Amino acid sequence: MTLTHPVYGIMTYIFEWHNHPPYWWWGDSFPDSIRWSLMIAVITLGSVMINKSKLKPLENPDYKIMIWLVLFAVNALFVSMAFAIVPGDSMDKFDSIYKMVINFFLMIYIIRRPEHYRWIILVLLIGVANFGRVAWESGSNRDLGIMAPNATGGNPIATHVMVSLPFFAIYFLRGKRWLKVFTAGALPFALNLIILENSRAATMGLVAMGGLAPLLIKGRTRWTVILGLVVGGLLIFTLANDQFFEQQATTAGGFEADNSANTRKFLWAGAWNVMKDYPLGVGGEGFEIHFFDYVPELAARGSKDGGGKTVHNTFLNVGTEWGFLGLFFYLAFLWTAWSFLRQVKERSKLSPSLNFYYFEAVAVQLGFIGMQVGGLTHNRQYSEMVFWLCAFAVMLYNMQSTEIEYMRRGDIKALASFNKPDPEKEI
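All residue numbers for the sequence shown refer to this note's numbering, where the first residue is 135 and numbers rise by one.
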């Protein structure tokens, strides 16, 4: 299908991430040499060249966010070649970064209409719903039995699911009847997955999203959201067990209340000292090598465990690996995406027909907040979802810019191509 339109390539890429064959029982017999995501990206790129005429035009699209992402990748290559402590591992990290750059560009270039945008969000929701089903069927406390590329542990999977929850909520509020039934049925499984993993990072992100949701949503929908938060809270209390509450209580208790939380205090201090001593960065996986010198409080434990520990903070980890310059490029990339979302919400006030963009932007904003809060205690700079959320922001901005331009011209025929739900019927 991708050969007929590249949008199917984007859908397949997101689907494959949630169903990476080597991580599932049904994919064990497939050859290890197959590079699934690369194959999808190459076919999608070929489809762009073949079917370029099928991509409906955008009016004055803004792709300046690519500047920061490309600079981030170039800096990672430079550090890997010139300053990396472990050049091989560092180049592997750069390899992941440049692939994300390519896929990010394909996403923001191909998705040009709300219909296609909704398709890729639906694929995301289906993938997350399946994660919840698998965790319910075969998962146990701190052992979900689920893996995905760059998310081979329970914490990143739980964070990914947590970040997806605002999309479930928005599509429940604004979706057609079948979509309301699907999201309502999938949501308890997604929450159950987060509870099973008992991830404090995911729970912190969930609390942050819930606390800020009423502030980010305006109008009468705010009260519906508040009611939904109450129902969601009751659902969590119903599903949660004593282990979940005991684990989460250590977060409120501070660093001294929990050993792993106390560990992060030493790791973060060590990471900051590495950044000061190596302002250009030490390359991918470089902090683990310096761990014993810069985190002496945990050196004995590291020797017992057989190696150095990672930073457990997205932003400090970017700074240690790629230096202050890399951290600046990464933050500029995130800030540009956030500024797009703010502008989308502001411009949605121009006409009721633009409400689609407002609510989609709110979902992305909440997911963005959840991801950054979750990243405060874990390394998530290589998470696919970080780049997907930023891509969603660019898509919404460029689609809205085009529709506003068509409205200014009074181009009724062109406006008809933006087949969005009627907000009066959908809410």
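C-beta atoms are modelled at their ideal positions from N, C-alpha and C, and glycine is treated no differently.
Predicted, not measured: the structure shown is a model, and the values here were computed from it.
- [ ] Per DSSP, which residues does A285 bridge with? Please list them.
- [x] A282
Open item on the list: Using 8 Å for Cβ pairs, my map puts V213 next to G457. What's the rounded Cβ distance?
Closed with: 6 Å
Open item on the list: Rounding to the nearest angstrom, what Cα-Cα distance links A218 and F425 in this structure?
Closed with: 15 Å
- [ ] Determine the burial state of P191: buried for a count of at least 16 other Cβ atoms within 10 Å of its Cβ, exposed for fewer.
- [x] exposed
Task: For D277, three-class secondary structure by DSSP - done: strand
Task: Backbone secondary structure at V220 - three-state DSSP - done: coil
TODO: Could you pull out every residue in the same chain whose Cβ sits closer than 6 Å to the Cβ of Y428, ignoring the five residues on either side in sequence?
DONE: G404, N407 and V408
Task: Distance between beta carbons of F467 and L84, contact taken as under 8 Å - done: This structure does not reach residue 84, given that the chain is present from 135 up to 561, and the question cannot be answered.
Task: Where D427 sits in the DSSP three-state scheme - done: helix
Task: C-beta contact flag for S187 and P140 at 8 Å - done: no
Task: Coil, strand or helix - P165 by DSSP - done: coil
Task: 8 Å contact criterion, which I304 and I370 should meet: CB distance rounded - done: I304 to I370, Cβ: 19 Å. No contact.
TODO: Go ahead and label E431 buried or exposed: buried means 16 or more other beta carbons lie within 10 angstroms of its beta carbon, across all protein chains shown.
DONE: exposed
Task: Buried versus exposed call for Y147 [16 or more other C-beta atoms within 10 Å across all chains shown] - done: buried
Open item on the list: Please classify Y197 as buried or exposed, where buried requires at least 16 other C-beta atoms within 10 Å of its C-beta.
Closed with: exposed
Open item on the list: Assuming the contact rule is C-beta atoms closer than 8 Å, D223 and E419 should be a hit. Round their C-beta distance to whole Å, please.
Closed with: 4 Å
Task: Backbone CA spacing between L500 and M215 [nearest angstrom] - done: 37 Å
- [ ] Give the DSSP-derived three-state secondary structure of F389 in the structure shown.
- [x] Residue placement at F389 cannot be trusted, given a pLDDT of 45 that sits under 50; what the coordinates show is reported in the next sentence. Here F389 sits in helix by DSSP.
Task: Buried versus exposed call for E480 [16 or more other C-beta atoms within 10 Å across all chains shown] - done: exposed
TODO: Would you please state the rounded distance, in angstroms, between the beta carbons of T178 and L259? I believe it to be under 8 Å.
DONE: Not confirmed; about 21 Å, so no contact.
Task: Buried versus exposed call for N513 [16 or more other C-beta atoms within 10 Å across all chains shown] - done: buried
Task: Three-state secondary structure assigned by DSSP to K314 - done: helix
Task: Euclidean distance between Cα positions of L327 and I291 - done: 9 Å
Open item on the list: Below 8 Å on the Cβ atoms is my contact criterion, and I expect E271 with E539 to pass it. Report the Cβ-Cβ distance as a whole number of Å.
Closed with: Rounded, the Cβ-Cβ distance is 49 Å, inconsistent with contact.
TODO: Pull up the CB-CB distance for T470 and R398, whole angstroms please, since I reckon it's below 8 Å.
DONE: Rounded, the Cβ-Cβ distance is 29 Å, inconsistent with contact.
Task: Proximity below 8 Å, CB of F206 to CB of F463 - done: yes
Open item on the list: Tell me which residue opens and which closes the alpha helix (DSSP H) that N451 is part of.
Closed with: T448 to R481
Task: With 16 other Cβ atoms within 10 Å as the buried cut-off, status of W159 - done: exposed
TODO: Can you grab the Cα-Cα spacing for the pair R276 / T337, in whole Å?
DONE: 14 Å
- [ ] Using a threshold of 8 Å, state whether the C-beta atoms of N289 and A342 are closer than that.
- [x] no
Open item on the list: Does the structure place the segment 245 to 260 close enough to the segment 525 to 541 that three or more beta carbon pairs sit under 8 Å?
Closed with: yes
Task: Inter-residue CB distance, F265 and H152 (contact presumed, cutoff 8 Å) - done: 7 Å
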